[in-house]
Amino acid sequence: MRFIMTVLAASALAAPASVEKMSEIALHWPAPQPAERPHHAPAGDGMGVSHDGSTHEIAFVPGRNEAVISGQNYDALARVGSDGRVTYRRMKAGSGPHGLGFDKDGLLWVTLEFEGRVIAFAPDGRKVKDIPVTLDCKSCVEPVNSHPHGLGIADDGRTVWFTGKATGTVGRIATDGSLATWQLPTIGSLPIYIRPGPDPAGKGRETMWATELTGNRIAAISVTPGERFPKAEIREFVIPTANSRPIAVERGPDGLMWFSEEAGGKVARIEKEGRITEFAIPKPLGRPNMLLAALAFDREGNLWVQQYVDHANPKPAGGDRIARISRRILSASPGSLKPTDFTWFAVPTSASVMHRIAQGPDGAMWSTELETDRVGRVTR
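Everything in the sequence shown is counted per the working numbering, starting at 3 for the first residue and increasing by one.
Next comes the structure, spelled out in structure tokens:
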């Protein structure tokens with residue numbers, strides 16, 4: 003995808019070495035353009051506090067060692083190369099770009115959370131899709147903005163799903179452009195993240211899994227492909243830890259769904275029968291104010307998770323870090339993990355409020371730092 007505005011190139015990262023290490027690229031987002039933003043939201047998924055920075059989602063450009071990053075409150079996207087070069091693309095003022103995903107045709111899909119739209123760019127940078135995803139309301143002055151937040155591409159590589167953060171809904175954009183929206187059963191669920199996964203009923207249907215931040219549940223939404231307006235079966239799985247605040251959910255190499263708990267301080271897997279198994283992530287001694295952000299698996303089956311100091315409860319102060327958990331966790335039982343199963347990487351910048359993590363095509367683990375507007379990479 004061509005980014006048409008180059009603002010500043012950050013200093014290049016150090017070349018990968020044989021020893022694993024974490025380095026960072028500082029993003030210098032263009033100043034947001036003035037706009038009325040009546041539905042302006044806090045920058046993060048976290049504990050409901052405002053942030054100075056706004057570096058959010060990450061998606062990798064097909065066939066290139068580059069990532070696209072969303073800068074929600076800056077109304078911009080950044081394209082970051084593994085060599086440290088950064089270009090920026092301004093979006094419409096007040097649009098609030100957040101969720102990102104490339105489909106199998108190379109289209110970059112973006113949720114515009116503040117505007118209530120989902121758009122797509124062709125590889126040459128042209129906007130080729132623009133779909134309003136607001137909800138009709140007969141008694142309202144105007145359609146209700148669902149605040150499309152997270153975005154995921156179904157296993158067919160073309161069907162686009164998103165979470166309606168403000169309305170407790172999930173939406174599906176079919177390949178013909180038709181839109182369907184479903185209400186999650188739990189009121190006030192605050193759905194955040196959405197990813198493809200197995201049909202919990204074993205029927206082989208198109209299924210997406212979503213985290214419910216305040217609903218304390220993981221939802222599985224299954225539909226039968228091929229229907230223009232399909233009916234959805236929604237199953238919710240209650241997380242054993244109360245007020246765990248699930249953030250990210252991903253399919254593991256074992257075919258099961260795994261998720262992170264921001265406040266619960268755990269990662270967990272959902273077994274085929276629906277049982278949830280949780281694993282506590284160790285905190286530094288005397289540092290109870292550590293939260294978890296997103297998780298991701300690497301190609302070797304190791305699980306990575308971000309751990310950072312609570313922005314709303316910064317004392318005692320300390321550094322943030324990323325854990326790599328050995329693939330032994332895939333078959334482990336609670337309490338069976340050993341200290342040697344964890345490898346820790348210190349984040350160079352403190353008070354980062356980490357947000358997302360994913361393995362790039364270069365093999366490095368890329369992460370976003372919401373508060374400090376940086377992109378980190380663990381390389382070897």
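Heads up, the beta-carbon is just placed ideally off N, CA and C, and yes, glycines get one too.
Just so we're clear, the structure is a prediction, and the values are computed from it rather than from any experiment.
Check	Outcome
Collapsed DSSP secondary structure at residue 331 in the structure displayed	helix
Check whether residue 117 and residue 148 have beta carbons under 7 Å apart	no
Helix, strand or coil at residue 161 [DSSP, three-state]	coil
The segment 135-148 touching the segment 185-197, judged by at least three CB pairs closer than 8 Å	no
Buried versus exposed call for residue 371 [16 or more other C-beta atoms within 10 Å across all chains shown]	buried
Where residue 57 falls: helix, strand or coil (DSSP)	strand
Closest by C-alpha distance to residue 146, when choosing among 123, 183, 231	183
Three CB pairs or more closer than 8 Å across the segment 224-233 and the segment 255-263	no
Residue 270 - partner residues in DSSP beta bridges	261, 280
Cβ distance (whole Å) where residue 75 is taken to contact residue 34 below 8 Å	6 Å
Residue 343 in three-state terms, based on DSSP	helix
Residues bridged to residue 171 (per DSSP)	166, 185
Option in 176, 214, 253, 194 with minimal Cα separation from residue 202	253
Coil, strand or helix - residue 74 by DSSP	helix
For residue 209, the residue or residues it bridges with in DSSP	224
Proximity below 7 Å, CB of residue 150 to CB of residue 115	yes
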